Amino acid sequence: MSKLSKDTAALLSEGTVKMIIGYEQGTERPRPAFCHTPEDCERLIFNDQCSNNLAVYLTKKEIIGEDKVGVVGNYYVVKTVIQLNLENQINLQNLVLMTVDGDDIITFGSIDEMQQYVDTHEPVPNEKVLAAIEKIDKMSRSERWEYWKSELSKCVRCYACRAACPLCYCNRCVTEVNCPQWIEPWASPLSNMEWQINRIMHMSGRCVGCGECAAACPLELPIGILTKKMGMDIKNTFGGWKDGSVLSTYNVNDKENFIK
Amino acid sequence: MEEKNDNIFEPRIIAFVCNWCTYAGADLTGTSRIKYSTNVEIVRFPCTGRIDFMLLLKAFAGGADGIIISGCHPNDCHYTSGNFHARRRWMVFRDMLDFMGIDIERIRWSWVSAAEGAKWADVVNDTVSKIREMGPYTEYKKAAKFLEEEKIIHE
Amino acid sequence: MKLGFYPGCSLNGTAREYNESVKALAPVFGIELVEIDDWNCCGASAAHAVNRDLSLALPARTLALAEKQGFDEIVVPCAACFNRLAVAQYELNKDELLKKSVEKSIDMTFNNDIKILNVVQFIDKYIKDKIIEKISHKFEHQVACYYGCLLVRPHKIIGFDRVEDPTSLDELMQLIGATTIDWGFKTECCGASLSIARTDLVAKLSCNIVKDAADRGAEAIIVACPMCHSNLDMRRPQIDEYVGKKISTPVIYITQAIGLAVGITPEKLGLQRHFVKVNTL
Amino acid sequence: MSKIGVFICHCGENISATVDCERVAKSASEMEGVAFATDYKYMCSDPGQSLIKNAIREHHLDGVVVGSCSPRMHEPTFRRACSEAGLNPYLCEIANLREHVSWVHEKGEATTLKAIDIVKGVVEKVRRNKPLNAIEVPITKKALVIGGGIAGIQASLDIANCGQKVILIEKGPSIGGHMSQLSETFPTLDCSQCILTPRMVEVAQHPNITLYTYAELDKLDGFIGNFKATIRLKAKSVDYNKCTGCGLCTTKCPQKKIPSEFNEGLGLRTAIFTPFPQAVPNKPAIDKEHCNYYQKGKCKVCQKFCPTGAIEYDKPDEFITEDIGAVIVTTGFNVLKTDFFPEYGYGKYKDVITGLQFERLASASGPTLGEIRRPSDGQIPKKIVFISCCGSRDPAKGIPYCSKICCMYTAKHAMLYQHKVHDGESTIFYMDVRAGGKNYEEFVRRAVEEDHVNYVRGRVARVYEKNGKLIVKGVDTLLSAKPVEIEADMVVLATAGVANKGAEELAQKMHISYDPYHFFAEAHPKLKPVETNTAGIFLAGACQSPKDIPETVASASGAAVKAVSLLSQPTLVREPIIAVVNRCAPPMFSTCVGCFMCETICPYNAIEHEEIKDRRTGKVIKTVAKINPGLCQGCGTCVSFCRSKSIDIQGYTNEEMFAEVTALLNK
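Chains as they are written, first to last, in the numbering used here: chain B, 24 to 283; chain E, 18 to 172; chain P, 207 to 487; chain R, 105 to 771.
Have a look at this one:
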């Protein structure tokens, strides 16, 4: 029985936590696992394939309830937890956050520890995404427009991207606001585009870059590029921003070149 | 605006301005009787910080060929920091629109103070002639039209 | 420790001893001064009054060369040269277009971020802390430190020392055992830019300086600028004439003073080259 | 189905000259939701207004659009008219057809069409407008005045005399401020103390004024009309209820060699001291830094001699909290000191002093009893040089501004000197003489013509000492235009007026803004000179910028009136243009998810946390944002930031703005 399973099982049997959320082997790739008993923990695994951002469950009361839970997540889960905490969405008292680094299991005692881990373990950016961004950057403006219009007109507005995103936790999404009807609820190129623009703007400075939105898209639309690109832009313009609140703060010396 | 005459295109431009600087500045343009073209219609907001980015998209969808956004100069904001927040928002927003191929050249950002009546006139005329050259924002309008057809199907 | 070195014309002519003393001092503190290859005139005292572009292009070329030769710091002992180089660097960093046009005329591009040190800054940065342990002959004399007009100016550019009442030289001299007098002519003009045209005025201006120093019992005047030196030293006969009595207070470079303190021979420091003999020391 | 009334004003010919008003009215009448539309020559005139009122009554209008001049002009007028006719004023909006149409466009089709568009946009907005009621906030009827200089004294007295309660706090042991240090005041040369001390006494005795000396503001919470001030009462080590102010202790204290702050270091005081004879309160306090007991742990002489046993050594600082309606900041200024002028030898040469020190020398209550004697050897200086603009107007020294008062007091100093030392010779080096003000220029002329003060226009390069004399080395830039050297016995520097130490810190405590030199910033340089950007906090005196006494007193009275006009209202009425976080039915309670990223957006710290609790168990179900209507100024930045659109701003709601924009475009 793996160290991971042992440790997590212990947490349950000691009663420290009521549930462990981790990864287990699915048919094709690992999938989220919810362990309520020490035995369940034997199913837990952790490897590079474990991509789901488990933090998405931390804002869902119907899943975690009021009890203390343990999470064995990847880099992005840790990063997300930091952001969620900043946004007052989780109670750290009710969370045991763990990750696996080689053979040993790291349990985070504080936000600082998480931050430190995040700062030191940045994963290599997804080459495919970078390439795609470069390709689009090279296009002419109207080519870009046509590209996104045709891509996004496929969208069926299932909102899987929203559901998969751990930071899309609003009780009422802007798409459900109907006075005024900011975004037409049905699928159409423009409203699909408007939805994505809203998503990106709402993510700006907050997105942790886990790419779950893209992974979740049933039509495999390249929406992961958008968030990634936005993240890169923000890094370039505002430097390495930390607290994830780029749009809710400002700097008197922000430099732009378009306000004349 | 309707076509004044068939061979020149008269763009329709919406201006989103803050109440304290640019709106007052536009008033000053009036009181100093400085003439500018009729293509721009002004919408008053308390502060540039209040201007929702969705309203820009809605303006384009509604058929605007250009947009002007203007407020108090940095450090002059009536609410001390509204324009700073707005500036940041536009910096991010603009990059993303451009990446998605939306024509940011059709959006004119400016700071016009309550004392810059003449500048307001320049900003307007300048934008109008620029947009006139660029021609109507058909591609966006088309997308919007497409939306209308969709509507019909849905009803 | 390797630093770029820009002597400028004076240090090869009227101020040889300055050159020698700087070169003699550096190695004692494990510093190698490497002369910038193919350096050119800084345009001091004339160019900036006549042609702005030229007055910027001349120093710019030297700066660009230094950069190409891989220096990130250069030492410029001559206060006038230092001033020109520093000003040029500042002006060009302020104005992109100007920089472009100058780069065109010197037909070199450069980042213009090299650090320029005048002699006092150089000593402050690389020598000051080590002086104490190296002192062999305490410099126990009463001296007047004379800064002249250029050494700490323009303040907004070099931001070093107090512009109206500098103290850096005094501190250094006290460090090697000297007592420095409080006097009124620290930063008075010696008449440098008229040193050819109106020697009579130079005599008058320099006279005030030398006289006050002597009256207050200074055994030597300490300088860090070849212009100042040549006026206070070489013009001494006219000065004496002006005062109506012979003043034998010698004028020596800060580098010479420190050199003596750390036991370098007067010859190496070129003390014998002065017009006003330095035997009193 | 709404019933909007549209009223198009010709504004005489101002609008109708280029806009076809009848046509605008006509097409307005065809707009959706418009029940009545008409045009009239002067809508703002009485008949015009009654036209609107009648229409409201007759057609039961539920919204009004007036196409006229800019809302900045007549919005209040027309809104009043509406409410007089029983329509909520906030259901009335202006379509700006003059400044934004008729005055900026030529006559023609396009112009009229634009006018119609604009009216259409506003109609669509008004259709969605909600009736709003002005916000009423309670007011605590008490003012806090910070700083007991002449500004604070004046402000406190003015407020108190209006029958309002005032708390005056002063960080020093006595009120009086810089003015109490002055000898005689320009341009009348009347003795400063003679005109000041009566007011100081009045403050001490006024039933409406509570005076705390040795007190500092520790914290300021709350908002206009409802501040909560925490005040630190520093321990005086003397029980003022027992102390009779006999002063025996001050004569017995063994520590006699402490430089007196009041005398700018030119005089000495004891460790237990009253700063000056006319001090208010006229009771001593112990300066712990210099007291033997506090420093070495033994002495207690004062306690031994105190006839009433008022000395209480080991008493800690106290903190009191007061509810406050309005705050007036009058913390004053200071003058540059120490080695800011090495070239002038301040600190190096005893006889180089600041203007404030000269005041003490010239003051009858000063260390020399009003005789001008130089600090070094007590000799009477026969030659004296005054240098104006020491620091001021000197960007190299980091002070580009003009300190304003120096020209006048330097002239005064020279005069006083001439009056006291008849065979003396005084010289003033100046850049310009700025004597704007009633009888000021005349005063300066008097200095020149009657008292033969020698004015030299030029800067001083340096002051140095040569065989017992101070050599002032400067330049005379006028006729002669050559360097000058003057041998002086004493040099007086008119050093720049600067913000008080800790001004920045205080400003941050109160959330008021300040300029790069740490002077407090007024809300508007011309039209709101005594207000700050924080409602309910006012400024007066030299804490804004160097000011002379008349100006200071004037601004103090101004600030006092502002404070009183606030305190004298039953409640505070504010435009209801404020942001609101929505509330809805359980289980959601509000669409706000409580991410509180809007907190950092709000310039007024108006966003608060509200815990929604379960009625029975009291358990917190959800924490959501709540906007404090007293603090919110209605910028709406939070509104456009909120991702879930849970915040909206009254008067500019998302729905209203959305409607206006789409209406402008739809043809």
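We put the beta carbon where it would ideally sit given N, CA and C, even for glycine. Source: prediction; values computed, not measured.
Worksheet item: How about P/ASP376: is its C-beta nearer than 8 Å to some C-beta of chain R?
Response: no
Worksheet item: Hey, does E/HIS95 have any beta-carbon neighbour from chain B nearer than 8 Å?
Response: no
Item to complete: Compare the C-beta of R/ARG566 against all C-beta atoms of chain P and say whether one is closer than 8 Å.
Response: yes
Practice prompt. Using alpha carbons as the reference points, say which of R/GLY267, R/GLU162 and R/ALA139 lies closest to R/GLN57.
Written response: The structure shown does not extend to residue 57 of chain R, since chain R is modelled only from 105 through 771, so no value can be given for it.
Worksheet item: How big is the Cα-Cα spacing for P/ALA253 and P/ILE237?
Response: P/ALA253 and P/ILE237: Cα-Cα distance of roughly 33 Å.
Discussion item. Would R/LEU324 and R/LYS613 qualify as a contact pair, given that the criterion is a beta-carbon distance under 8 Å?
Written reply: yes
Item to complete: Measure the C-alpha to C-alpha separation of B/TYR140 and P/ASP278 and round it to an integer number of angstroms.
Response: Rounded to whole angstroms, B/TYR140 to P/ASP278 spans 36 Å at the Cα level.
Practice prompt. For R/CYS739, count neighbouring Cβ atoms within 10 angstroms of its own Cβ and tell me buried if that reaches 16, exposed if not.
Written response: Buried, because 16 or more other Cβ atoms sit within 10 Å of the Cβ of R/CYS739.
Worksheet entry | Alpha-carbon to alpha-carbon, P/LEU378 and P/TYR332 | 13 Å
Practice prompt. With DSSP as the reference, please indicate the residues paired to B/ILE128 in a beta bridge.
Written response: Answer is B/VAL123, bridged to B/ILE128.
Worksheet item: Which stretch, first to last residue, makes up the alpha helix (DSSP H) that contains P/VAL326?
Response: Where P/VAL326 is concerned, the enclosing alpha helix (DSSP H) starts and stops at 325-332.
Worksheet item: What's the C-alpha gap between R/PHE624 and B/SER133?
Response: Roughly 41 Å separates the two Cα atoms.
Worksheet item: Below 8 Å, can you find three or more Cβ-Cβ pairs linking the region 446-465 of chain R to the region 590-610 of chain R?
Response: Judged by Cβ distances under 8 Å, the region 446-465 of chain R makes contact with the region 590-610 of chain R, as three or more pairs qualify.
Worksheet item: Under 8 Å between the Cβ atoms of P/GLU370 and R/PRO446?
Response: yes
Worksheet item: For the region 575-606 of chain R, which residues have a beta carbon sitting closer than 8 Å to at least one beta carbon of chain P?
Response: ILE575 and LYS577
Fill in: Below-8 Å beta-carbon distance, B/LEU118 vs any chain E residue
no
Practice prompt. Show which residues of chain R have a CB atom less than 7 Å away from the CB atom of E/TYR53.
Written response: Correct list: VAL208.
Item to complete: Please report the residue range of the alpha helix (DSSP H) in which P/GLY249 lies.
Response: No alpha helix (DSSP H) holds P/GLY249; DSSP gives it neither H nor E.
Discussion item. Comparing C-alpha positions only, which one of R/GLU416, R/CYS353, R/LYS275 and R/PHE377 sits nearest to R/ASP343?
Written reply: R/GLU416
Worksheet item: the region 47-74 of chain E: which residues have C-beta closer than 7 Å to a C-beta of chain R, in chain order?
Response: GLY47, THR48, ARG50, ILE51, LYS52, TYR53, THR55, GLU58, ILE59, VAL60, PHE62, PRO63, CYS64, GLY66, ARG67, ILE68, ASP69 and LEU72
Fill in: Residue burial classification, R/GLY401 (beta-carbon count within 10 angstroms, cutoff 16)
Burial call: exposed.
Worksheet item: How about E/MET18: is its C-beta nearer than 8 Å to some C-beta of chain B?
Response: Caution applies to E/MET18, whose pLDDT of 43 falls short of 50 and renders its modelled position unreliable; the value that the coordinates give is listed next. Cβ-Cβ to chain B under 8 Å: no for E/MET18.
Worksheet item: So with Cβ pairs under 8 Å, would you call B/LEU190 a contact of chain E?
Response: no
Fill in: Any C-beta of chain P under 8 Å from that of R/GLU446
It should be noted that the sequence gives Pro, not Glu, for residue 446 of chain R. It does; some Cβ of chain P falls within 8 Å.
Practice prompt. Report yes or no: do the region 238-246 of chain B and the region 70-80 of chain E share at least 3 C-beta pairs separated by less than 8 Å?
Written response: no
Worksheet item: Where does B/MET216 fall in DSSP's three states?
Response: helix
Item to complete: Can you say whether R/PRO504 is buried or exposed, counting buried as having 16 or more other CB atoms within 10 angstroms of its CB?
Response: For R/PRO504, the number of other beta carbons within 10 angstroms of its own is below 16, and it is reported as exposed.
Practice prompt. Taking only beta-carbon positions, decide if E/LYS21 is within less than 8 Å of chain R.
Written response: Residue placement at E/LYS21 is poorly supported in this model, since its pLDDT is 49, which falls under 50; the coordinates are not used for a value here.
Worksheet item: Residues bridged to B/MET42 by DSSP?
Response: B/VAL92
Practice prompt. Decide if B/GLY267 is buried, meaning its Cβ has at least 16 other Cβ atoms within 10 Å, or exposed.
Written response: buried
Discussion item. Would E/ASP112 pass as an interface residue toward chain B - the criterion being a Cβ-Cβ separation below 8 Å?
Written reply: yes
Practice prompt. Would you list, in sequence order, the uninterrupted alpha helix (DSSP H) runs of no fewer than 4 residues that lie entirely inside the region 389-455 of chain R?
Written response: 396-400 and 405-409
Discussion item. I want to verify the contact list: residues of chain E whose CB lies under 8 Å from the CB of R/GLU764, in sequence order.
Written reply: VAL60
Discussion item. Does the region 246-256 of chain R come into contact with the region 419-431 of chain R, if we say contact requires no fewer than three beta-carbon pairs (one atom in each stretch) closer than 8 Å?
Written reply: yes
Discussion item. DSSP has R/LEU272 in a bridge; who is on the other side?
Written reply: R/VAL249 and R/LEU315
Worksheet item: Just to confirm, are R/LYS94 and R/ALA139 a CB contact at a threshold of 8 Å?
Response: In the structure as shown, chain R starts at 105 and stops at 771, and residue 94 of chain R therefore has no counterpart that could be examined.
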